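Beneath this line is the structure, given in structure tokens, with notes to follow.
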Amino acid sequence: MSEATLYEKSVPGRIGIDLPALDVPEAELPEDLVRADNGLPELSQIQIARHYLKLSQRNYGVDSGFYPLGSCTMKYNPKVNEMIARLPGFAELHPLLPAASVQGSLAVMFNLQECIKEIAGFSAVSLQPSAGAHGELTGLLMMRAYLADHGEHARTQVLIPDSAHGTNPASTSMAGLTVTEIPTDGRGNIDLEALKAACGPDVVGLMLTNPNTLGLFEEQIDQVIELIHGCGGLVYGDGANMNALCGIVRPGDLGFDLMHFNLHKTFGTPHGGGGPGAGPIGASEQLAPYLPGPIASMQQGEVADKAAYRLQMPERSIGRVSTFVGNFGMFVRAYAYILNHGATGLRSNAEHAVLNANYLRTSLKNAFPVPFDRTCMHEFICRGKVGKSPVRAVDISKRLMDHGFHPPTNYFPLIVREALMIEPTETEGKQTLDAFIAAMLQIAQEAENDPDVVLSAPHTVPVRRLDEVKAARKAIFCDPFPDAEFLSRPS
Ligand SMILES: *Cc1c(COP(=O)(O)O)cnc(C)c1O
11 MSEATLYEKS
21 VPGRIGIDLP
31 ALDVPEAELP
41 EDLVRADNGL
51 PELSQIQIAR
61 HYLKLSQRNY
71 GVDSGFYPLG
81 SCTMKYNPKV
91 NEMIARLPGF
101 AELHPLLPAA
111 SVQGSLAVMF
121 NLQECIKEIA
131 GFSAVSLQPS
141 AGAHGELTGL
151 LMMRAYLADH
161 GEHARTQVLI
171 PDSAHGTNPA
181 STSMAGLTVT
191 EIPTDGRGNI
201 DLEALKAACG
211 PDVVGLMLTN
221 PNTLGLFEEQ
231 IDQVIELIHG
241 CGGLVYGDGA
251 NMNALCGIVR
261 PGDLGFDLMH
271 FNLHKTFGTP
281 HGGGGPGAGP
291 IGASEQLAPY
301 LPGPIASMQQ
311 GEVADKAAYR
321 LQMPERSIGR
331 VSTFVGNFGM
341 FVRAYAYILN
351 HGATGLRSNA
361 EHAVLNANYL
371 RTSLKNAFPV
381 PFDRTCMHEF
391 ICRGKVGKSP
401 VRAVDISKRL
411 MDHGFHPPTN
421 YFPLIVREAL
431 MIEPTETEGK
441 QTLDAFIAAM
451 LQIAQEAEND
461 PDVVLSAPHT
471 VPVRRLDEVK
481 AARKAIFCDP
491 FPDAEFLSRP
501 S
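Residue 55 in my numbering sits at position 45 of the sequence shown, and the numbers go up by one each step.
Take a look at the structure:
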């Protein structure tokens with residue numbers, strides 16, 4: 011099914027545009043600018059339009075269909091947010107404009123900080139970090155700075171449950187700290203006894219995702235936080251995903267000292283294909299002075315009856331973690347999302363995210379075993395194993411593509427064998443969920459009765475199975491700077 015390239019379609023002399031008649035004297039181009047061998051394809055405009063449209067149709071996004079990628083939260087991004095972010099007053103700002111001329115934009119930043127403070131129960135928020143992982147690194151650097159200020163230089167250990175997202179241990183290493191892994195107990199909570207044993211004078215703190223990546227609320231969260239505070243450590247919340255908590259539980263009230271928030275998971279901003287993201291970080295009163303800056307602040311009444319906004323560095327700030335103010339366009343989108351939904355809308359989103367996940371869990375659990383089977387939050391884990399069938403989680407995912415669905419997250423969290431991590435989000439209706447359930451149940455039947463059709467899937471998409479072993483063993487790295495001497499290259 012491979013598409014001819016633009017080069018293969020090229021016909022000498024064919025041209026895609028009409029240039030206007032020359033209205034200046036014709037001149038020879040300098041010889042070194044003219045290359046006979048540039049080999050550019052020659053095509054008509056309609057050929058080019060069709061070529062790129064076809065390529066775009068091979069892409070799969072949340073606008074093309076159901077995308078139940080657990081932990082990643084691929085919820086719909088309302089188009090009104092895009093319209094607002096593109097208003098020239100926001101989109102065409104120069105980051106060096108003086109505060110007096112960008113009061114409206116500073117107000118957006120200030121108000122978004124206030125909203126996140128209120129939603130999460132924190133004293134202060136910085137919008138600086140550009141992603142979830144970036145928020146984690148920021149939080150760990152803040153914890154280090156806080157402990158150093160209190161003479162606690164000997165603390166190096168960060169406790170992380172074995173169910174954690176891979177970014178947690180990675181951020182810990184980047185912050186120059188060491189990971190101590192804590193096991194999960196039989197109910198899918200962090201193991202309290204193991205946590206107790208790990209608590210001591212060398213502990214920086216705990217990095218905890220709640221609900222954890224099994225999609226379960228930590229049932230002993232109060233005891234967990236007490237234990238960590240009891241040994242002089244701090245509690246960092248990985249709040250990449252607030253979809254089950256928003257408007258219901260405030261992490262600050264639970265006792266978390268710090269937490270980041272992925273605007274692209276909870277507050278409707280696009281994931282952006284690796285492009286600009288935002289992972290604001292909130293802090294309790296004692297950690298707030300260490301937040302990265304600048305953050306937006308407001309002074310009442312400097313101009314008669316008008317608030318004045320400006321950018322300020324927190325007192326003991328760890329400094330900047332982004333250029334200028336961070337990814338401003340994402341702040342506009344998230345603020346629009348929060349205003350558009352309001353307090354009741356945000357709470358209802360969380361309730362529907364949890365309802366949808368539980369509807370899928372209970373509808374699928376007879377066909378696909380659910381470990382730690384109890385009421386889940388915004389996502390759940392099942393096993394991609396059916397009876398004695400040779401079919402594995404990856405095969406089920408490939409077969410789902412034949413039904414027009416994006417696969418769930420595979421093989422994560424690492425503590426569940428053949429894990430399929432399913433997160434429907436609140437933005438899907440019952441019809442879509444029912445179609446997904448029907449597809450999954452059909453695949454379960456096939457796995458038992460006709461496993462080959464699943465093992466050889468996908469059958470209907472442009473790219474079939476990739477050779478994943480070869481891809482890992484013989485990786486071909488694209489070198490963006492082939493002439494640069496300073497880069498070391500893989501041999
Ligand atoms: C997505 C996610 C992260 C990382 O967020 P990025 O914005 O991708 O860096 C961290 N922890 C959890 C639990 C996540 O789901």
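Don't be surprised by glycine CBs; every beta carbon is placed ideally from N, CA and C.
The model shown is predicted, which means the values in this text are computed figures rather than measured ones.
> Pick from D462, I432, H413: whose alpha carbon is nearest that of A449?
Replying inline: Walking along the sequence shown from the start, residue 449 turns up at place 439. For the residues D462, I432, H413, the minimum Cα distance to A449 belongs to H413.
>> Suppose you measure from the CA of T279 to the CA of P179; what does that come to, to the nearest Å?
In response: Reading the sequence shown from its first residue, position 269 is the one you call residue 279. Reading the sequence shown from its first residue, position 169 is the one you call residue 179. So the two alpha carbons sit approximately 26 angstroms from each other.
>> Measuring straight from C-alpha to C-alpha, what distance separates L2 and M340?
In response: Nothing can be reported for residue 2: it is not among the residues displayed for the chain, which extend from 11 to 501.
> Tell me which same chain residues have a C-beta within less than 8 angstroms of the C-beta of L356, skipping the five on either side of it?
Replying inline: Here residue 356 refers to the residue found at position 346 of the sequence shown. Around L356: I129, C256, G257, I348.
> Can you give the beta carbon distance from L16 to L53, rounded, assuming they're within the 8 angstroms contact cut?
Replying inline: Here residue 16 corresponds to residue number 6 of the sequence shown, with the count starting at 1. Here residue 53 corresponds to residue number 43 of the sequence shown, with the count starting at 1. Indeed they touch by this definition, with Cβ atoms about 6 angstroms apart.
> For Y515, which residues does DSSP report across the bridge?
Replying inline: This structure does not reach residue 515, given that the chain is present from 11 up to 501, and the question cannot be answered.
> Excluding sequence positions up to five away, which residues of its chain have a Cβ less than 6 angstroms from the Cβ of M184?
Replying inline: Here the question's residue 184 lines up with position 174 in the sequence shown. Closer than 6 angstroms at Cβ, skipping near neighbours: L147.
> What number of angstroms, rounded off, separates the C-alpha of R499 from the C-alpha of S373?
Replying inline: Taking the first residue of the sequence shown as 1, we reach residue 499 at position 489. Taking the first residue of the sequence shown as 1, we reach residue 373 at position 363. Any reading at R499 must be qualified, since the residue scores a pLDDT of 43, below 50, and its modelled position is unreliable; the value itself is stated next. For R499 and S373, the distance between alpha carbons rounds to 49 angstroms.
>> Closer than 8 angstroms to a non-hydrogen atom of ligand 1 - does that hold for the CB of T194?
In response: Numbered from 1 along the sequence shown, position 184 holds the residue referred to as residue 194. No, since every heavy atom of ligand 1 falls outside the 8 angstroms radius drawn around the Cβ of T194.
>> Suppose you measure from the CA of V396 to the CA of L476; what does that come to, to the nearest Å?
In response: For the purposes of this step, residue 396 is identified with residue 386 of the sequence shown, where counting begins at 1. For the purposes of this step, residue 476 is identified with residue 466 of the sequence shown, where counting begins at 1. If I take the Cα positions, the gap works out to 23 angstroms.
> In terms of residue numbering, what span does the beta strand (DSSP E) encompassing V112 cover?
Replying inline: Within the sequence shown, numbered from 1, the residue matching residue 112 stands at position 102. It is not in any beta strand (DSSP E) - V112 carries neither H nor E in the DSSP assignment.
> If you count every other CB in all the chains shown that lies within 10 Å of the CB of Q167, and 16 or more means buried, which is it?
Replying inline: Here residue 167 refers to the residue found at position 157 when the sequence shown is read from its first residue. Buried.
>> Could you check whether the segment 110-128 touches the segment 158-174, counting it as contact only if at least three pairs of C-beta atoms, one from each stretch, sit closer than 8 angstroms?
In response: no
>> Please report the straight-line C-alpha distance between P30 and D47, rounded to a whole angstrom.
In response: Numbered from 1 along the sequence shown, position 20 holds the residue referred to as residue 30. Numbered from 1 along the sequence shown, position 37 holds the residue referred to as residue 47. If you take the alpha carbons of P30 and D47, they lie about 26 angstroms apart.
> Does the segment 478-487 come close enough to the segment 442-457 that 3 or more CB-CB pairs lie under 8 angstroms?
Replying inline: no
> On the three-pair Cβ rule with 8 angstroms, is the segment 360-374 touching the segment 426-438?
Replying inline: yes
> Do you know whose CA, among L97, F338, P193, Y300, lies nearest L116's CA?
Replying inline: For the purposes of this step, residue 116 is taken as the residue at position 106 of the sequence shown. Nearest option by C-alpha distance: F338.
> Near M11, which residues of its chain fall below 6 angstroms by C-beta distance, leaving aside the five closest residues on each side in sequence?
Replying inline: Counting from 1 along the sequence shown, the entry for residue 11 is found at position 1. Only weak support is given to the placement of M11: the predicted model assigns it a pLDDT of 45, under 50, and the question is left unresolved by the model.
>> I want to check one thing, is the minimum distance from the CB of G287 to the heavy atoms of ligand 1 below 8 angstroms?
In response: Position 277 of the sequence shown, counting from 1, holds the residue named residue 287. Because some heavy atom of ligand 1 lies under 8 angstroms away, the Cβ of G287 counts as near it: yes.
>> Between the segment 297-306 and the segment 135-155, can you find at least three pairs of beta-carbon atoms closer than 8 angstroms?
In response: yes
>> I need the straight-line Cα distance from F120 to P304, nearest angstrom please.
In response: In the sequence shown, residue 120 corresponds to position 110, counting from 1. In the sequence shown, residue 304 corresponds to position 294, counting from 1. Distance between the alpha carbons of F120 and P304: 11 angstroms.
> Which partner residues does F390 have in the DSSP bridge list?
Replying inline: Within the sequence shown, numbered from 1, the residue matching residue 390 stands at position 380. BP columns for F390 point to I432.
>> With H, G and I counted as helix, E and B as strand and the rest as coil, what does DSSP make of F496?
In response: In the sequence shown, counting from the first residue as 1, residue 496 sits at position 486. Annotation note: pLDDT 46 at F496 (below 50); position unreliable, coordinate value reported separately. DSSP places F496 in coil when its eight states are reduced to three.
> Count the other CB atoms within 10 Å of the CB of L32; is the residue buried (16 or more) or exposed (fewer)?
Replying inline: Here residue 32 corresponds to residue number 22 of the sequence shown, with the count starting at 1. Exposed, since its Cβ has fewer than 16 Cβ neighbours within 10 Å.
> Among residues of its own chain, excluding the 5 on either side of L65, which ones have a beta-carbon nearer than 6 angstroms to its beta-carbon?
Replying inline: The residue given as residue 65 occupies position 55 in the sequence shown. Cβ neighbours of L65 beyond the five flanking positions: none.
> Going by the C-beta, is T190 closer than 8 angstroms to any heavy atom of ligand 1?
Replying inline: Numbered from 1 along the sequence shown, position 180 holds the residue referred to as residue 190. For ligand 1, not one heavy atom lies less than 8 angstroms from the Cβ of T190.
> Does the Cβ-Cβ distance between M269 and I238 come in under 9 angstroms?
Replying inline: Taking the sequence shown and counting its residues from 1, the one referred to as residue 269 is at position 259. Taking the sequence shown and counting its residues from 1, the one referred to as residue 238 is at position 228. Contact flag unset, no.
> Three or more beta-carbon pairs under 8 angstroms between the segment 181-198 and the segment 378-393, yes or no?
Replying inline: yes
> Are the Cβ atoms of F446 and F422 separated by less than 9 angstroms?
Replying inline: The residue given as residue 446 occupies position 436 in the sequence shown. The residue given as residue 422 occupies position 412 in the sequence shown. The answer is no: Cβ separation not under 9 angstroms.
>> Please classify S111 as buried or exposed, where buried requires at least 16 neighbouring CB atoms within 10 angstroms.
In response: Within the sequence shown, numbered from 1, the residue matching residue 111 stands at position 101. S111 should be labelled exposed.
>> Going by DSSP in three states, S181 sits in which element: helix, strand or coil?
In response: If you number the sequence shown from 1, residue 181 lands on position 171. The answer is helix: DSSP assigns S181 an H, G or I state.
>> So, with DSSP's three-state summary, where would you put P171?
In response: Against the sequence shown, residue 171 aligns to sequence position 161. Of the three classes helix, strand and coil, the one that applies to P171 here is strand, per DSSP.
> Alpha carbon to alpha carbon, how far is G262 from A293?
Replying inline: Here residue 262 is taken as the residue at index 252 of the sequence shown, counted from 1. Here residue 293 is taken as the residue at index 283 of the sequence shown, counted from 1. So the two alpha carbons sit approximately 8 angstroms from each other.
> In three-state DSSP terms, what is K316?
Replying inline: On the sequence shown, position 306 is the one that residue 316 refers to. Of the three classes helix, strand and coil, the one that applies to K316 here is strand, per DSSP.
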